[in-house]
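Residues 1 to 122 in the UniProt record's numbering are what the sequence shown spells out, letter by letter.
A virtual CB, placed ideally from N, CA and C, is assigned to each residue, including glycine.
Here's the structure, in structure tokens; my notes come after.
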Amino acid sequence: MIKMLETTFDEIIESIRTNQGLTKKTSERLLVDLLINKDKLNQFIDQLNKTKQLISTCKICGYLSENDKCLVCSLENRNQNIICIVSTILDAKNIENANKYKGVYHILNGEINLNKTLHLIS
């Protein structure tokens with residue numbers, strides 16, 4: 001029984017760590033804190049479920065959206081001829097928070113590896 005609990009605990013830690021890029025120690029602290037404080041755990045689960053239901057990614061650029069098309073792609077005053085290619089949604093979010101960029105995005109959800117062959121479509 002204890003071994004099964006430890007295995008489950010370790011699997012959750014690994015999931016948190018690999019999905020969020022957190023250290024093992026930070027992941028353990030997060031999980032223990034949530035397990036000790038059931039109200040916090042339930043609130044976290046509720047927020048995750050709400051996020052799962054309401055937020056997806058834009059079919060055009062990959063940014064956060066509640067519909068098929070995000071707000072950035074929907075705005076007519078955005079310059080569709082200027083495309084900022086970024087690695088993650090967080091990169092685009094940080095640029096948006098600066099309120100300077102007026103183009104659109106293409107979010108890779110990864111990084112460009114120049115050692116691999118690139119197949120660009122113009």
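Taking all protein chains shown into account, G103 has fewer than 16 neighbouring C-beta atoms within 10 Å of its C-beta and is therefore exposed. For L71, the secondary structure class from DSSP, reduced to helix, strand or coil, is helix. Per DSSP, reduced to three states, the secondary structure at T57 is strand.
The Cβ atoms of I89 and I60 lie no closer than 8 Å to each other. Separation of K50 and I16 (C-alpha to C-alpha, rounded to the nearest whole angstrom) is 19 Å. DSSP lists T57 as the beta-bridge partner residues of L64. Sequence-distant partners of S27 (beyond 5 residues in either direction) whose C-beta falls short of 7 Å from its own C-beta, in its chain, are I13, I16, R17. The beta-bridge partner set that DSSP reports for Y105 consists of C84. Listed in chain order, the non-local C-beta contacts of G62 below 6 Å within the same chain comprise I107, local neighbours out to five positions each way being set aside. Ranked by Cα distance from L64, the options Y105, N19, Y101 are led by Y105.
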